[in-house]
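Worksheet: one structure, shown below.
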Amino acid sequence: MNEMRRFPTEKLALDRAREIEAAITERGSSSALTKNEAMVLVDYRLWVDRLQPFGKTVGDAVEFYIGHLGRELLRKIVPSIGELSDKWREFKFRDTTLSKQSQNEVKVYSKFIKWKWGKLKPDEVKKNEIDKVLKGLKITNSTRKKYLLMVRMFFNWVKDEGIILFNPTDGLSFKPEMLTKEFYKSEQVKGFLQKVVEMEPRLVGYYSLLIFAGLRPSEGARIQWPDINFETGELYVRQGKTMPRHVKLEAVAIEWLKWYKENTPSPTFIPTRNLFNIERKVREVTFGENWISDGFRHGFATYHKSKYQNIHLTADLMGNSVMMIKRHYAQTIPSGELTAYWALTPSVVLPPSEVKSPS
Numbered sequence: 015m016n017e018m019r020r021f022p023t024e025k026l027a028l029d030r031a032r033e034i035e036a037a038i039t040e041r042g043s044s045s046a047l048t049k050n051e052a053m054v055l056v057d058y059r060l061w062v063d064r065l066q067p068f069g070k071t072v073g074d075a076v077e078f079y080i081g082h083l084g085r086e087l088l089r090k091i092v093p094s095i096g097e098l099s100d101k102w103r104e105f106k107f108r109d110t111t112l113s114k115q116s117q118n119e120v121k122v123y124s125k126f127i128k129w130k131w132g133k134l135k136p137d138e139v140k141k142n143e144i145d146k147v148l149k150g151l152k153i154t155n156s157t158r159k160k161y162l163l164m165v166r167m168f169f170n171w172v173k174d175e176g177i178i179l180f181n182p183t184d185g186l187s188f189k190p191e192m193l194t195k196e197f198y199k200s201e202q203v204k205g206f207l208q209k210v211v212e213m214e215p216r217l218v219g220y221y222s223l224l225i226f227a228g229l230r231p232s233e234g235a236r237i238q239w240p241d242i243n244f245e246t247g248e249l250y251v252r253q254g255k256t257m258p259r260h261v262k263l264e265a266v267a268i269e270w271l272k273w274y275k276e277n278t279p280s281p282t283f284i285p286t287r288n289l290f291n292i293e294r295k296v297r298e299v300t301f302g303e304n305w306i307s308d309g310f311r312h313g314f315a316t317y318h319k320s321k322y323q324n325i326h327l328t329a330d331l332m333g334n335s336v337m338m339i340k341r342h343y344a345q346t347i348p349s350g351e352l353t354a355y356w357a358l359t360p361s362v363v364l365p366p367s368e369v370k371s372p373s
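Next up, the structure:
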């Protein structure tokens, strides 16, 4: 049986090749063993010649290939980003302190991550690729920053799981725009409140605080009746995205809260189940595709800043930075529109014939 010989050094192999060449020349090509050895050595010389420009030996090449096979084997074990995005969502949902709003955000962004990079392994996604994808979205930079935040959060989790060594979003950032936020005018707010009373009166308290106190939806979802002090006119906003704070309520907000308290049969301030789906029905009927995300909060900030001309006060009430108020809510509202907005009490929005207690 023919066996291939191994040579520890290039010199020995070449010396042996010369011996075989000389032997073949002398005896002819009758020896099968000699032919096999000659073929191996010819290949070896070819490999040496191809590796020489790179300063590498055949031994280096073998070691590299063995390492490559090992890495490929490990890659088959590592889950895809699609699988990991599902596991990340499950991990986040096990957090009992996570609000419904935050759960919905995790659900949306995990689907986005899976859609864009689901078939790749986590170490295949590079910084430039993420930058290109996010910059290609037809959204504002503020929204783009939110996408980056959630993608970064996902890859941090993957890193914490020991699957990757580096987060590919490290070093990525987007500058916020100096722009005016979209919001609803007084007539739009009036029509919306009328529709809430008609369709879902259980949400009157919730929306009155989003509209006339500038709460974030997640903050409004945590409000309970004990958080409202009718005697002092203050609202306690529980800790969420920002630190807890006390908010001095505007007269119009207090009027709506009193109306709601007198006309709601429920002991809870808002529905404790399916809030997201319930509020979505109302806004889809009223605004359709023209729904402005956080439009009520943006409106409160703009109208409040115009009313008091005190950026620090508005920032404090909203749990925002002064720079945020300067950047997005600098415009001044005309006096007539300003007066109309702050006068949207139940008696103005709901004529006596339409003010009915929820059944």
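Per the numbering used here, the sequence shown starts with residue 15, numbered consecutively. Ideal Cβ placement from N, Cα and C applies to all residues, glycine included.
Which residue from the options puts its Cα closest to that of residue i?
i, options, result
"residue 311", "327, 73 and 225", "225"
"residue 231", "251, 242, 350 and 357", "251"
"residue 377", "175, 162 and 182", "Residue 377 lies beyond the stretch modelled for the chain, which goes from 15 to 373, so this question has no answer here."
"residue 260", "246, 364, 289 and 285", "246"
"residue 149", "214, 189, 292 and 180", "189"
"residue 206", "346, 243 and 293", "293"
"residue 129", "165, 106, 360 and 159", "165"
"residue 155", "186, 178, 132 and 179", "186"
"residue 180", "77, 136 and 65", "136"
"residue 163", "213, 309 and 119", "119"
"residue 258", "334, 80, 158 and 358", "334"
"residue 171", "60, 99 and 283", "99"
"residue 184", "174, 141 and 209", "141"
"residue 275", "348, 345, 92 and 219", "219"
"residue 313", "350, 345, 286 and 178", "345"
"residue 304", "202, 362 and 287", "202"
"residue 174", "159, 147, 105 and 161", "105"
Compute the beta-carbon to beta-carbon distance between residue i and residue j, rounded to the nearest angstrom, for a pair I have assumed lies under 8 Å.
i, j, result
"residue 354", "residue 200", "4 Å"
"residue 95", "residue 127", "7 Å"
"residue 114", "residue 235", "6 Å"
"residue 306", "residue 198", "7 Å"
"residue 271", "residue 242", "6 Å"
"residue 342", "residue 195", "5 Å"
"residue 266", "residue 356", "6 Å"
"residue 332", "residue 228", "5 Å"
"residue 277", "residue 366", "Between residue 366 and residue 277 the Cβ distance is about 13 Å, and since that is not below 8 Å, they are no contact."
"residue 204", "residue 358", "6 Å"
"residue 269", "residue 254", "Rounded, the Cβ-Cβ distance is 26 Å, inconsistent with contact."
"residue 364", "residue 211", "6 Å"
"residue 75", "residue 65", "6 Å"
"residue 237", "residue 283", "5 Å"
"residue 213", "residue 296", "5 Å"
Is it right to say residue i is buried, meaning 16 or more other beta carbons lie within 10 angstroms of its own, or is it exposed?
i, result
"residue 44", "Because residue 44 carries a pLDDT of 48, less than 50, the predicted location of this residue cannot be relied on, and the following value inherits that uncertainty. It is exposed - the Cβ of residue 44 has fewer than 16 other Cβ atoms within 10 Å."
"residue 324", "exposed"
"residue 320", "buried"
"residue 102", "buried"
"residue 316", "buried"
"residue 47", "The predicted position of residue 47 is uncertain, since its pLDDT is 47 and thus under 50; a value taken from the coordinates is nonetheless stated next. Counting Cβ neighbours within 10 Å, residue 47 comes out exposed, since fewer than 16 surround it."
"residue 273", "buried"
"residue 153", "exposed"
"residue 328", "buried"
"residue 373", "Any reading at residue 373 must be qualified, since the residue scores a pLDDT of 42, below 50, and its modelled position is unreliable; no value is offered."
"residue 360", "buried"
"residue 107", "exposed"
"residue 322", "exposed"
"residue 289", "buried"
"residue 80", "exposed"
"residue 309", "buried"
"residue 78", "exposed"
"residue 169", "buried"
"residue 264", "buried"
Along the beta strand (DSSP E) that carries residue i, what are the first and last residues, could you check?
i, result
"residue 274", "Run containing residue 274: none in the beta strand (DSSP E); it sits in the alpha helix (DSSP H), 265 to 277."
"residue 262", "259 to 262"
"residue 251", "248 to 251"
At which residues does the alpha helix (DSSP H) containing residue i begin and terminate?
i, result
"residue 255", "From DSSP, residue 255 is part of no alpha helix (DSSP H); its letter is neither H nor E."
"residue 233", "231 to 234"
"residue 292", "289 to 301"
"residue 329", "325 to 332"
"residue 343", "It is not in any alpha helix (DSSP H) - residue 343 carries neither H nor E in the DSSP assignment."
"residue 351", "349 to 356"
"residue 307", "From DSSP, residue 307 is part of no alpha helix (DSSP H); its letter is neither H nor E."
"residue 228", "Segment: none, residue 228 is in no alpha helix (DSSP H) and carries neither H nor E."
"residue 360", "360 to 363"
Mind pulling the alpha helix (DSSP H) runs of 4 or more residues that sit fully within the region 67 to 123? If we require 4 residues or more, the alpha helix (DSSP H) runs fully inside the region 67 to 123 come out as 72 to 91 and 95 to 107.
At what residue ranges does the region 128 to 210 contain a whole run of the alpha helix (DSSP H), taking only runs of 4 or more? DSSP runs (the alpha helix (DSSP H)) wholly in the region 128 to 210: 141 to 149 and 155 to 174.
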